[in-house]
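According to the working numbering, the stretch in the sequence shown is residues 225 to 489, in order. Below is one structure; the comments refer to it alone.
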Amino acid sequence: MNLRPGARALALLLLSSAACGGPPTPSPVEGEPICPDFEIGATRAPMRGSLRFPVALTVRSGKDPITRATLTGRRSKDDPVSRILLADEDAEYELEWAQCENERAPRARTLSRESKDAAEYACGNATVYKTDKLVTRKGDAASRTVRFAAPPKPECWESELPAAAPAPSPAAVAEPAPADASAEPAAADGGAADAGTGATPADAGAPRGAGATPTTDAGAPRGAGATPTDAGVPRGAGAAPRDGGAGGAPKPPSAVDAGAPPQGS
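As structure tokens, this is what we get:
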């Protein structure tokens with residue numbers, strides 16, 4: 225139960241003087257935000273989770289305040305909910321929700337009784353952000369349940385640790401030396417013809433200075449300007465064959481002697 229000593233005494237006084245309703249009973253506040261524990265500083269000191277700006281709840285009957293509570297949030301879903309004291313009677317209340325202007329300083333997870341009592345939180349000026357109505361019925365505990373109204377600043381305290389030192393960067397891998405831009409790839413040079421020659425692939429293997437095509441000049445004898453029909457013609461071709469060396473063959477008669485009768489006929 226989060227009641228300051230003065231507010232607790234006022235609530236008990238007012239509730240005890242309330243009519244015939246019966247004794248005041250703790251009534252739950254549902255929907256309170258959960259603020260988990262956190263760590264702070266270089267030593268990672270464990271701290272209790274809470275809202276940075278707590279919420280002040282005031283319950284009024286008419287214009288008179290019945291009870292007040294400062295809600296700082298639950299540390300986990302397993303923590304018990306906050307409770308306020310309300311009389312078990314038929315009544316109508318006004319719930320006034322306000323957010324404190326002062327931050328609630330973080331507290332160590334383990335507190336001694338002395339330090340807990342000495343550290344009193346001062347809410348400061350609280351700005352009202354919502355009002356609700358609560359109608360209770362005698363003997364109905366569920367009617368006394370209060371629904372938490374979310375504040376404008378719902379932030380919880382969170383871990384504030386020093387930044388970790390950056391990890392050393394791995395040694396830079398030496399890059400290979402770039403290849404000579406003027407050198408041609410080996411695949412392009414292997415078996416390639418001289419880049420300065422203008423000969424076509426048909427000239428490969430031709431003798432130097434050969435300007436003739438392989439179909440006409442190949443195998444021709446030097447200085448051969450004669451046509452193939454002259455090849456093999458004996459020297460002095462065109463004259464009648466001589467009788468010398470004819471092997472005793474008779475000389476054919478000449479044309480003038482062809483019509484003359486033989487001598488002595």
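The beta carbon of each residue, even a glycine, is placed where N, CA and C say it ideally should be. Please read these numbers as outputs of a predicted model, since none were measured by experiment.
Asked                                                                                                                   : Found
According to DSSP, residues forming a beta bridge with Pro304                                                           : Its beta-bridge partners do not exist; DSSP assigns none.
Neighbourhood of Ala346 by C-beta distance below 7 Å, restricted to the same chain and skipping five residues each side : Asn326
Burial state of Ala426 (16 or more Cβ within 10 Å)                                                                      : The pLDDT assigned to Ala426 is 44, lower than 50, so where the model puts this residue is not dependable, and the model offers no usable value.
C-beta atoms of Thr355 and Gln323 nearer than 8 Å                                                                       : no
Sub-8 Å separation of Arg371 and Glu254 beta-carbons                                                                    : yes
Inter-residue spacing [alpha-carbon to alpha-carbon] between Ser383 and Glu313                                          : 45 Å
Burial state of Gly286 (16 or more Cβ within 10 Å)                                                                      : exposed
Element boundaries [beta strand (DSSP E), containing Phe262]                                                            : Phe262 to Ile264
Runs of alpha helix (DSSP H) lying entirely within the region 323-379, each at least 4 residues, in chain order         : 337-342
Test item: CB-CB of Pro250 and Leu309 under 8 Å                                                                         : yes
DSSP three-state assignment for Thr249, whether helix, strand or coil                                                   : strand
Cross-strand partners of Glu256 (DSSP beta bridge)                                                                      : Answer by DSSP bridge pairing: none, since Glu256 is not bridged.
Residues of its chain near Asp261, where Cβ-Cβ distance is below 7 Å and the 5 sequence neighbours each way are ignored : Pro270, Met271, Arg272, Gly273, Arg299 and Arg333
Other residues of its chain near Pro247: CB distance less than 6 Å, five sequence neighbours each side excluded         : none
Bridge partner(s) assigned by DSSP for Arg292                                                                           : Thr282
Continuous beta strand (DSSP E) stretch holding Pro390: start and end                                                   : Where Pro390 is concerned, there is no enclosing beta strand (DSSP E), given that its DSSP letter is neither H nor E.
Classification of Ile258 by the beta-carbon crowding that lies within 10 angstroms, buried from 16 upward               : exposed
As assigned by DSSP and simplified to three states, the class of Trp321                                                 : strand
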